[in-house]
Amino acid sequence: MGALRAAMVGLTVVVLSATLSGCSIDSVIWGADGARVIQTTEELVDDMSTGEASGLICDESVADLGKATDWVGLSAGEPEHFVGDYWEKQAVLDPQWSINLEGLPEGLTPGSTYPGDVFYRETDEGLCVIDIAWSTLVDVG
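Counting from 1061, one number per residue, gives the positions in the sequence shown under my numbering.
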């Protein structure tokens, strides 16, 4: 029980430190760049789920943006520096960041597709979406 209590106290100190210093908890966990990717992704999801044209799409983007209902219920997951070993199709697009999307849009059935990962390129103006990988819901029953 002592280790659990120490962990809770440590977590509380980190959260309080982040709050008092004006940093977000995302900045503490993912660093300033990772937190920026998370915030940009939340903005993208908000734009896309309301059907608004997002200013976050790169001019040369190859992303299939889908429709507004594809984005409802999604949120930013875990950002990471892009690694082309797994994402060969996206590697040629020169993204610097990728982030998975969490949650599922309402009404999906096995075989339905939804936005699963977003790929960002760094520009002088900030991050822009260069591609989106779509996932397929599988029936695990």
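Note that beta-carbon positions come from the ideal geometry of N, C-alpha and C, so glycine has one too.
Since the structure is predicted, the reported quantities are computational estimates derived from the model, not experimental observations.
Can you tell which of Trp1194, Gly1111, Gln1156 and Ser1121 has its C-alpha closest to the C-alpha of Gly1225?
Lying before the first or after the last residue shown, residue 1225 is absent from the chain, which here runs from 1061 to 1201.
Where does Glu1138 sit, in a helix, a strand or coil, going by DSSP?
Taking the sequence shown and counting its residues from 1, the one referred to as residue 1138 is at position 78. The answer is strand: DSSP assigns Glu1138 an E or B state.
With distances taken from CA atoms, which of Trp1194, Pro1165 and Gln1150 is nearest Glu1120?
Numbered from its first residue, the sequence shown carries residue 1120 at position 60. When each option's Cα is compared against that of Glu1120, the closest is Gln1150.
If you measure between the beta carbons of Ile1190 and Tyr1180, is that distance less than 8 Å?
On the sequence shown, position 130 is the one that residue 1190 refers to. On the sequence shown, position 120 is the one that residue 1180 refers to. It is a contact, given that the beta carbons lie within the stated cut-off.
Is Asp1145 helix, strand or coil by DSSP?
Reading the sequence shown from its first residue, position 85 is the one you call residue 1145. DSSP places Asp1145 in coil when its eight states are reduced to three.
Residue environment, Ser1135, which counts as buried when at least 16 other CB atoms sit within 10 Å:
The count along the sequence shown starts at 1 and reaches residue 1135 at position 75. Classification for Ser1135: exposed.
Classify Thr1101 as buried or exposed, calling it buried when 16 or more other Cβ atoms lie within 10 Å of its own Cβ.
Residue numbering aside, residue 1101 sits at position 41 when the sequence shown is read from its first letter. With 16 or more Cβ atoms within 10 Å of its Cβ, Thr1101 is classed as buried.
How long is the line joining the alpha carbons of Asp1184 and Glu1162, rounded to whole angstroms?
Sequence index remark: in the sequence shown, residue 1184 carries index 124 (1-based). Sequence index remark: in the sequence shown, residue 1162 carries index 102 (1-based). Using only the alpha carbons, I get a separation of about 28 Å.
Here's the rule: buried if 16 or more other CB atoms are within 10 angstroms of the residue's CB, otherwise exposed. What is Pro1170?
Taking the sequence shown and counting its residues from 1, one reaches residue 1170 at position 110. Burial call: exposed.
As a quick exercise: from Arg1096, Pro1139, Asp1177 and His1141, pick the residue whose alpha carbon is nearest that of Leu1125.
Counted from its first residue, the sequence shown places residue 1125 at position 65. Checked all of Arg1096, Pro1139, Asp1177 and His1141; the closest Cα to Leu1125 is Asp1177.
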